[in-house]
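*Asks:* Sharing a structure, written as structure tokens. Questions coming.
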Amino acid sequence: MPAKRCSRCQRIIGEGDLFYRLDIKVISGFDGIIKLGGHYDINAEIEKLKAYPEDLIEEEVYKEFHFILCPRCKEIYCSNPLHLGLDGEIPDHIPPVEDK
Ligand SMILES: [Zn+2]
5 MPAKRCSRCQ RIIGEGDLFY RLDIKVISGF DGIIKLGGHY DINAEIEKLK AYPEDLIEEE
65 VYKEFHFILC PRCKEIYCSN PLHLGLDGEI PDHIPPVEDK
């Protein structure tokens, strides 16, 4: 079996060494509301979509990433998974935008 490497720091992870799988799924959200502009031509939109390569359309809706992390890189990743500014406490979720 070929040696595993940490996807972040490239350290070799030997057989039996502790490592972590990082599986990220980015899925398009939908709140049930479709905003249409002033003039909306459904047929023109369908024709536009047919012109796009299928894999690009799929990536707009769903994308997966798979990584292997060594214990140190797992700690670094988990301490700030969204690379937010380090001027405060890191939240474990982002609150929804409030209406003004
Ligand atoms: Zn690492």
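Remember, this note's numbering sits 4 above the position in the sequence shown when you count from 1. By construction, the Cβ of each residue, glycine as well, lies at the ideal position given by its N, Cα and C atoms. Since the model is a prediction, treat every value here as computed from it, not as a measurement.
#1: Do P100 and L22 have their CB atoms nearer than 8 Å?
#2: Can you pull every residue whose C-beta falls closer than 7 Å to some heavy atom of ligand 1, listed in chain order?
#3: Leaving out five residues on either side along the sequence, give the residues of the same chain with a beta carbon under 6 Å from the beta carbon of L26.
#4: With 16 as the cutoff for other CB atoms within 10 Å, does C10 come out buried or exposed?
#5: S27 bridges to which residues according to DSSP?
#6: Quick check on R9: does DSSP put it in helix, strand or coil?
#7: Could you pull the start and end residues of the alpha helix (DSSP H) that L53 belongs to?
*Replies:* This is what the structure holds:
#1: Start at 1 with the first residue of the sequence shown, and residue 100 comes out as number 96. Start at 1 with the first residue of the sequence shown, and residue 22 comes out as number 18. Cβ atoms of P100 and L22: not closer than 8 Å.
#2: One residue list follows from the rule of a beta carbon closer than 7 Å to any heavy atom of ligand 1, given in chain order as C10, R12, C13, R15, L73, C74, R76, C77.
#3: In the sequence shown, counting from the first residue as 1, residue 26 sits at position 22. Excluding sequence positions up to five before and after L26, its CB lies within less than 6 Å of the CB of F71, L73, all in the same chain and listed in chain order.
#4: The residue labelled residue 10 in the question sits at position 6 within the sequence shown. With a threshold of 16 other beta carbon atoms within 10 Å, C10 meets it and is buried.
#5: Position 23 of the sequence shown, counted from the start, is the residue given in the question as residue 27. The question names Ser, but residue 27 in the sequence shown is Asp. BP columns for D27 point to H70.
#6: Your numbering for residue 9 matches position 5 in the sequence shown. Strand.
#7: Locating residue 53 in the sequence shown gives position 49, where the first residue counts as 1. Segment 46–55, the alpha helix (DSSP H) holding L53.
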